[in-house]
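Comments concern the structure below.
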Amino acid sequence: MKRHLLVLRRYEPVVRIHGGVADHQCPRRPKGAKYAECRKNHAARIGGYAVDGCGEFIADGEEGTAGALRCAACGCHRSFHRRVQEDEVAACECKTWEA
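Positions 1 to 99 (my numbering) are the ones given, in order, by the sequence shown.
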């Protein structure tokens, strides 16, 4: 039996070169996540597809409690709602690139 080694790396380039000119990009930091419409398939048991129409996740309790993971509108767990990641540009301490 052969063994395989899989190595995963995350690479984010800081400088890209287009046409001989270096474009500087400041690193992005995750700001947080919002949860949009519910995607739970309520008819999966019978082989169909039906969603409840919940448009946005609204926490049922305070942060840090079990209710914070349950939606007050539809009663589903937060993982059934579509996650929307928001990024913000971090403070850049790099040299400015001039062409």
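Backbone N, C-alpha and C fix where the C-beta goes; we use that ideal spot for every residue, glycine too.
Remember, it's a predicted structure, so these values are computed and weren't measured experimentally.
- As a beta-bridge residue in DSSP terms, Cys-71 pairs with Ala-59.
- Shown here for Arg-83: same chain residues with a beta carbon closer than 7 Å to its own, the five before and five after excluded, namely Ala-33, Tyr-35 in chain order.
- Nearest in C-alpha terms to Ala-50, of all of Arg-39, Arg-3, Glu-63, is Arg-39.
- Secondary structure of Arg-39 (DSSP, three-state): coil.
- If you draw a straight line from the Cα of Arg-78 to the Cα of Ile-46, it is about 23 Å long.
- Comparing alpha carbon positions, the residue from Gly-61, Phe-80, Gly-64 closest to Asp-52 is Phe-80.
- Under the three-state reduction of DSSP, Arg-78 is assigned to helix.
- Excluding sequence positions up to five before and after Cys-76, its CB lies within less than 6 Å of the CB of Cys-38, Lys-40, all in the same chain and listed in chain order.
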